[in-house]
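Protein chains: 4
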Amino acid sequence: MNAMGKGRLEAFSDGVIAIIITIMVLEIKVPHGTQWRDLLPLLPVFLSYVLSFVYVGIYWSNHHHMLHTVQHVTGRILLANLHLLFWLSLLPFATGWMGENHFVVLPSVLYGMVLLACAGAYWMLQKAIIHAHGPDSTLARAVGKDRKGWLSLILYMLAIPLNFSWPRVALGIYVLVALMWFIPDRRIERSFAWLDKPHSGEKDQP
Amino acid sequence: MNAMGKGRLEAFSDGVIAIIITIMVLEIKVPHGTQWRDLLPLLPVFLSYVLSFVYVGIYWSNHHHMLHTVQHVTGRILLANLHLLFWLSLLPFATGWMGENHFVVLPSVLYGMVLLACAGAYWMLQKAIIHAHGPDSTLARAVGKDRKGWLSLILYMLAIPLNFSWPRVALGIYVLVALMWFIPDRRIERSFAWLDKPHSGEKDQP
Amino acid sequence: MNAMGKGRLEAFSDGVIAIIITIMVLEIKVPHGTQWRDLLPLLPVFLSYVLSFVYVGIYWSNHHHMLHTVQHVTGRILLANLHLLFWLSLLPFATGWMGENHFVVLPSVLYGMVLLACAGAYWMLQKAIIHAHGPDSTLARAVGKDRKGWLSLILYMLAIPLNFSWPRVALGIYVLVALMWFIPDRRIERSFAWLDKPHSGEKDQP
Amino acid sequence: MNAMGKGRLEAFSDGVIAIIITIMVLEIKVPHGTQWRDLLPLLPVFLSYVLSFVYVGIYWSNHHHMLHTVQHVTGRILLANLHLLFWLSLLPFATGWMGENHFVVLPSVLYGMVLLACAGAYWMLQKAIIHAHGPDSTLARAVGKDRKGWLSLILYMLAIPLNFSWPRVALGIYVLVALMWFIPDRRIERSFAWLDKPHSGEKDQP
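Residue numbers (numbering that gives the first Met the number 0), protein chains in the order written: chain P, 0 to 205; chain C, 0 to 205; chain S, 0 to 205; chain X, 0 to 205.
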């Protein structure tokens with residue numbers, strides 16, 4: 000019965016995340032010309048699509064790992080999950096605005112704010128799951144002090160105001176946080192070991 | 000065999016609801032300017048998106064709880080479910096029309112009518128499930144007199160004509176009904192207890 | 000292993016059908032005015048949406064019943080299923096063209112041709128499943144002489160040319176075929192009994 | 000636990016592929032006129048839709064076969080799968096650009112490059128799965144020397160520059176590779192036997 004509840008929670012989240020990751024590509028509008036130079040204005044749109052694809056992909060992958068540890072689904076987990084999906088659903092809009100305007104200040108600020116909200120919502124979902132399963136649960140032990148999670152939040156909060164003075168640095172931080180989660184561990188060897196190990200309930204959060 | 004049927008019913012409903020909740024975000028069109036004031040005209044579109052996201056989220060969550068209690072899927076349940084999905088599928092249109100026109104009278108009336116039709120279709124699906132499982136079924140007992148369901152229907156019917164004289168009150172009622180289902184119980188403690196309890200087949204309907 | 004294959008076949012079909020049924024609603028473009036008369040031009044678009052929603056809903060429901068009887072998935076079944084999804088995926092286009100042009104001749108002819116192609120593809124999928132499971136399989140016995148299937152094909156073939164002389168009659172036939180499958184049996188009592196019976200692997204095809 | 004992980008991997012991939020295959024149809028824009036000649040300019044868009052539908056369908060079907068052989072999901076498999084989905088997600092854009100411009104040189108070159116990237120990503124996913132399951136795994140034995148996979152890569156690399164001198168030949172090669180995977184074996188009899196056999200974990204890659 001609870002497994003069922005979890006199954007649908009996963010299926011619904013998979014559906015929403017799959018749609019989010021795919022409709023972002025609709026922002027790359029088919030150009031009218033047929034020369035390479037007609038594709039050139041699409042480059043920033045394409046790059047912001049790549050960045051957001053990586054982010055949504057990491058979220059899906061980590062959501063997948065985290066839900067793995069869930070034994071029973073509570074109402075609070077349901078709400079926290081919908082809350083996360085809400086902020087993720089704003090990524091296509093933020094990506095489109097940033098990409099079409101070649102990474103100018105305010106769209107990049109908004110993009111950072113949506114990333115920050117997503118990270119916060121992920122953190123709340125993590126809290127809700129730990130709350131339901133106790134401090135000795137797999138997730139609670141895997142998360143530990145959650146240094147990577149806090150570091151991401153701090154980096155986003157640094158990057159958002161940096162857009163006003165050094166926009167390229169801010170953008171670099173967005174990329175850095177993505178990479179930080181993409182390469183799941185600092186020590187490369189352990190990282191590669193992780194890559195080839197069947198995944199357990201370890202914690203990952205962008 | 001029946002569990003299978005239920006599985007596909009849930010999967011298909013999850014798919015349709017996931018798409019409905021996500022395509023609504025496509026109504027928030029990327030603006031051409033790059034100033035905060037260029038986002039301002041999007042505020043009503045955004046707010047109506049939030050309201051509809053909450054509504055669709057509640058419907059998904061309650062649909063999830065209600066389907067939990069289903070033991071076997073009949074043809075009548077299939078049809079009633081498709082009927083509910085039909086009305087939910089009109090929410091993106093009604094949301095877009097209301098949001099782009101800053102909550103003026105007729106679009107808000109239509110929005111209320113779609114909400115009313117969704118609530119009615121949900122009620123019919125509930126009837127179909129109870130009809131198939133008997134008056135002693137989990138759902139029948141959980142629904143009881145269905146005060147919250149009837150109250151929602153009455154509130155929608157009140158709000159729709161109120162749009163002509165006090166549009167803000169009507170809009171407030173739409174928000175109120177959403178909140179009424181969002182906070183699943185009046186008594187906060189019981190509500191929070193529910194939030195942390197593995198969900199059973201209790202009845203919830205927006 | 001085969002159950003797995005069937006599970007993914009169903010999941011993929013559910014996904015595609017869920018998207019087809021939902022993107023059709025995107026053809027109902029949000030109008031610029033805020034009066035009832037601004038909705039009036041949308042009426043034929045809305046009616047063709049309703050008709051196509053019913054058709055896709057029936058296809059999903061019958062696909063669901065038919066796949067129920069599948070014991071093992073062969074390559075031919077996979078291809079026949081993709082072929083059916085291809086024709087179903089053209090319904091949103093045909094619906095939009097017919098609806099936006101108020102049911103004039105040629106768009107209605109095309110709509111009928113897509114319906115005919117869908118029915119033909121469904122028939123081929125049915126053949127592929129029976130071929131894989133033998134003449135004594137549940138599906139083969141349930142289909143029998145497949146009178147309803149052949150009747151639909153003949154009615155579509157009648158309706159398509161009728162568009163040139165009596166377009167309303169042709170449209171009426173499209174509605175009639177939908178109703179014929181919607182009300183699953185001629186004898187009302189038996190029909191209602193079916194509605195309340197857990198569904199078995201009986202055959203249904205629009 | 001691992002089966003679960005695989006289940007979500009399949010569900011997410013199914014969702015993304017289902018959306019990719021369906022949003023391509025949105026490129027076939029509803030024409031304003033109501034004559035057959037108004038459909039004529041849509042013919043190349045339609046043909047490129049058919050080609051891409053077949054490609055995505057083959058990818059889904061082969062992905063389905065390949066995932067069948069997976070016993071446990073590693074981080075590397077997750078990443079390789081997301082990488083494949085990324086390139087597949089660019090097919091609707093490449094299809095639209097090629098179709099709207101009646102198969103002129105550069106859009107056809109880009110289309111070929113996206114096909115090449117998809118085939119490369121598929122090959123990397125295959126490598127990741129074999130790496131996780133060892134050289135004696137079902138997949139490793141089924142793939143063998145992977146002649147068909149290498150032949151496809153070589154044909155794409157031939158076709159891309161051919162667009163500049165003999166665009167029709169290049170297009171013909173794209174169609175040929177699709178057919179080569181569509182008809183799963185050279186010897187027709189064996190091919191038809193395969194069509195009617197429950198599928199095992201045999202290797203297929205476009």
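Where is the CB? At the ideal position from N, CA and C, for every residue including glycine.
Remember, predicted model here, so these are calculated numbers, not experimental data.
What does S/W35 reach in chain C if we use C-beta pairs closer than 7 angstroms?
Here the neighbours are L105.
Does the segment 76-84 of chain P touch the segment 34-52 of chain P, meaning 3 or more C-beta pairs lie closer than 8 angstroms?
no
Just the chain P side, please: which residues come within less than 7 angstroms of X/F85 by C-beta, in chain order?
F52
Count the other C-beta atoms from every protein chain shown that fall within 10 angstroms of the C-beta of C/Q34, then say buried if there are 16 or more, exposed otherwise.
exposed
Over the uninterrupted alpha helix (DSSP H) stretch that includes C/N61, give me the two end residues.
L42 to H67
As assigned by DSSP and simplified to three states, the class of C/T137:
helix
Buried or exposed for C/W149, please, with buried defined as at least 16 other CB atoms from any protein chain shown within 10 angstroms of its CB.
exposed
In the DSSP assignment, find the unbroken alpha helix (DSSP H) run with C/P91 in it and report its ends.
L90 to E99
C/F45 CB to nearest chain S CB: under 9 angstroms?
no
Examine chain S for any beta-carbon lying closer than 9 angstroms to the beta-carbon of C/N100, and answer yes or no.
yes
Please confirm whether S/H125 and S/M65 have their CB atoms less than 9 angstroms apart.
As written in the sequence, residue 125 of chain S is Gln, which differs from the His given in the question. Yes, Cβ-Cβ distance for S/Q125 and S/M65 is below 9 angstroms.
Checking contacts by CB at 9 angstroms: is X/A141 closer than that to chain S?
no
Distance CB(P/I22)-CB(X/I22) smaller than 9 angstroms:
yes
Using 8 angstroms for Cβ pairs, my map puts S/A169 next to S/L50. What's the rounded Cβ distance?
Contact flag wrong, Cβ pair sits at about 13 angstroms.
By DSSP, does C/T217 sit in helix, in strand, or in coil?
Absent from the model: residue 217 of chain C. The displayed extent of chain C is 0 to 205, so no value can be given.
Taking 9 angstroms as the cut-off, decide whether the C-beta atoms of P/R75 and C/H63 are in contact.
No, Cβ-Cβ distance for P/R75 and C/H63 is not below 9 angstroms.
Closest Cβ-Cβ distance between S/H82 and chain C: below 9 angstroms?
no
Contact list for the segment 63-78 of chain C against chain A, Cβ threshold 9 angstroms:
As a matter of chain content, chain A is missing from the structure shown, whose protein chains are P, C, S and X.
Pull up the DSSP beta-bridge partners for S/T21, would you.
Its beta-bridge partners do not exist; DSSP assigns none.
Any C-beta of chain C under 9 angstroms from that of P/S88:
yes
Going by DSSP in three states, C/S199 sits in which element: helix, strand or coil?
Reliability of the predicted coordinates at C/S199 is poor, the pLDDT of 45 falling under 50, and the value obtained from them is presented with this limitation in mind. Coil.
Measure the CB-CB distance between C/S88 and S/F92 and report whether it falls below 9 angstroms.
no
Rounding to the nearest angstrom, what Cα-Cα distance links X/M97 and X/I172 in this structure?
15 angstroms
Within the 9 angstroms Cβ cut-off, does C/F181 reach chain P?
yes
Stretch-stretch touch, CB-based, cutoff 8 angstroms, three pairs: the segment 153-168 of chain X with the segment 104-121 of chain X:
yes
Using C-beta distances below 7 angstroms, list every residue in its chain close to C/V55, excluding the 5 sequence neighbours before and after it, in chain order.
For C/V55, where only same-chain residues beyond five positions count, the Cβ hits under 7 angstroms are I16, I19, I20, L87 and L90.
Chain X contact for P/L25 (CB, 9 angstroms cutoff):
yes
The alpha helix (DSSP H) spanning C/I27 covers which residue range?
Note, C/I27: premise wrong, no alpha helix (DSSP H); not H, not E.
Minimum length 4: unbroken alpha helix (DSSP H) runs contained in the segment 131-176 of chain X:
137-142 and 146-164
Tell me whether the beta-carbon of C/A131 lies closer than 9 angstroms to the beta-carbon of C/H67.
no
Local Cβ density within 10 Å of C/S107, reported as buried at 16 or more and exposed below that:
buried
Distance between beta carbons of P/V104 and P/F163, contact taken as under 8 angstroms:
6 angstroms
Residues of chain S with CB closer than 7 angstroms to the CB of C/G14, please, in chain order.
What C/G14 touches in chain S: D13, G14 and A17.
Thinking just about the alpha-carbon of each residue, which of X/L161, X/G133 and X/Y121 is nearest to the one in X/D145?
X/Y121
Measure the alpha-carbon distance for C/G133 versus C/M123 and round it to whole angstroms.
When rounded, the distance between both Cα atoms is 15 angstroms.
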